[in-house]
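Residue numbers (my numbering): 840 to 1238. Cβ coordinates follow ideal geometry from the N, Cα and C atoms, glycine included.
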Ligand SMILES: C[S@@+](CC[C@H](N)C(=O)[O-])C[C@H]1O[C@@H](n2cnc3c(N)ncnc32)[C@H](O)[C@@H]1O
């Protein structure tokens, strides 16, 4: 045996015995030094290279590779979906801890109203959610070429929370009443605004989300629908939905199991949502990335539809200029959404100011088209909280 092989064997024995003696406290997280600072989680600590051991680090290195910023975004989303259960169980454990602080003589009353059963019920719903969210993560790993060992240390669980709300709004029966408020004015404006165009029309939906509007447009109009989305939480979930669904209502999720506030009934926490209510069969071309940079060719589209979109911009002038640049002369811009603006937005404009800006950038706004439309977003039917946006609808044309 060569000296190098003996050194490796000795190292494995030392690390192996040490690892066996130490209590296992779950997976080990380390920061690996790669050009783009990416944290990769290693589930097998025995695979870690030991500095200055003389062992060829390349031989033992498990998942080290340099990720582009796009790959990092994808991996961050995959990690959030695959580690959903950890987060949900932590939230339920916190509720259990709070419940545990109830004086013991009051516990029988809590038992009598059935409160204590919710903890176990919530855990079993979380396990059900984890099955499908794990499948979304697995499908994304296959699609984008990641191994199960590759994960980011931080999991941004808000990606999963957003998905649970969006899937209900876009692809379930429960979301029908929300869609019924916001889709018809858009579809009607498209139909009327493009009736003069012969042949196939080209329409862009930037800020695709989970894509129901884009699919409705593709069903409704004789057109080519392009869409664009930046967030890989939405993209990987949508990819799973369109590629791994055979029949309507095939998938079931429990979106509210950690949302115990504002419930009308005890069972409200475990309300299931089945999806999709229809198969997303119409053709939509989804471009992954930033719509400000992904479309270099100008004057391509007959119409651009922005739904709950313009206010997510950092720079509204960039967004409106890009919409204007991508429209053909005379092309139609249809907008419906709130003016919620992020704290990161350079300007937080009023509706009047957005329209003033649009006219200065070369749009002719149809002031008669303007409407305020009350809309909720991802609302749990029967919940004791209802948050309503007074969304702003308008149409405008590129001069
Ligand atoms: C509030 S959501 C609305 C999604 C969808 N329109 C709907 O109504 O369900 C805004 C979406 O725009 C996406 N987004 C934000 N900035 C973007 C950009 N520059 N390019 C493409 N998508 C973007 C976000 O990731 C998010 O999915």
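Nearest-angstrom Cβ-Cβ length linking residue i and residue j, presumed shorter than 8 Å
| i | j | result |
| --- | --- | --- |
| residue 1146 | residue 1052 | 5 Å |
| residue 919 | residue 999 | 5 Å |
| residue 927 | residue 965 | 4 Å |
| residue 1144 | residue 1044 | 5 Å |
| residue 1215 | residue 1233 | Their Cβ separation, rounded to whole angstroms, is 20 Å, which puts residue 1215 and residue 1233 out of contact at 8 Å. |
| residue 1140 | residue 1041 | 5 Å |
| residue 1087 | residue 1118 | 6 Å |
| residue 1185 | residue 1237 | Between residue 1237 and residue 1185 the Cβ distance is about 23 Å, and since that is not below 8 Å, they are no contact. |
| residue 1090 | residue 1122 | Going by Cβ atoms, the distance from residue 1090 to residue 1122 rounds to 22 Å, so no, they are not a contact pair. |
| residue 1047 | residue 1125 | 6 Å |
Residue i Cβ short of 6 Å to ligand 1 heavy atom set
| i | result |
| --- | --- |
| residue 1073 | yes |
| residue 1205 | no |
| residue 1146 | yes |
| residue 1193 | no |
| residue 1151 | yes |
| residue 1002 | no |
| residue 1024 | no |
| residue 1157 | no |
| residue 1045 | yes |
| residue 1062 | no |
| residue 1130 | yes |
| residue 964 | no |
| residue 1069 | yes |
| residue 1050 | no |
Where the alpha helix (DSSP H) containing residue i begins and where it ends
| i | result |
| --- | --- |
| residue 1056 | 1051-1059 |
| residue 939 | 923-939 |
| residue 1022 | 1015-1032 |
| residue 974 | 956-983 |
| residue 1194 | 1190-1199 |
| residue 1164 | 1155-1165 |
| residue 946 | 946-951 |
Given residue i as reference, the closest of the options once Cα atoms are compared
| i | options | result |
| --- | --- | --- |
| residue 936 | 955, 916 and 1235 | 955 |
| residue 1017 | 1236, 1151, 1176 and 982 | 1176 |
| residue 1173 | 1181, 1159, 988 and 1012 | 1159 |
| residue 994 | 1011, 1041, 916 and 1201 | 916 |
| residue 981 | 958, 1010 and 1075 | 1075 |
| residue 984 | 1039, 909 and 1020 | 909 |
| residue 925 | 947, 946, 942 and 968 | 968 |
| residue 1107 | 1223, 1036 and 1014 | 1223 |
| residue 1050 | 976, 1093 and 1127 | 1127 |
| residue 1239 | 1179, 1209 and 1226 | Since the first and last residues shown for the chain are 840 and 1238, residue 1239 lies out of range. |
| residue 1227 | 906, 1179 and 1069 | 1179 |
| residue 912 | 975, 1032, 1070 and 1031 | 1070 |
| residue 1156 | 1138, 1131 and 1135 | 1131 |
Extent of the continuous beta strand (DSSP E) run through residue i
| i | result |
| --- | --- |
| residue 1140 | 1140-1146 |
| residue 1231 | 1228-1237 |
| residue 994 | Run containing residue 994: none; DSSP gives neither H nor E here. |
| residue 1210 | 1202-1214 |
| residue 1081 | Careful: residue 1081 lies outside any beta strand (DSSP E), inside the alpha helix (DSSP H) at 1071-1082. |
| residue 1116 | No beta strand (DSSP E) holds residue 1116; DSSP gives it neither H nor E. |
Beta-carbon gap between residue i and residue j smaller than 7 Å
| i | j | result |
| --- | --- | --- |
| residue 914 | residue 991 | yes |
| residue 1022 | residue 1060 | no |
| residue 1062 | residue 1133 | no |
| residue 1142 | residue 972 | no |
| residue 932 | residue 1096 | no |
| residue 1010 | residue 1168 | no |
| residue 1200 | residue 1032 | no |
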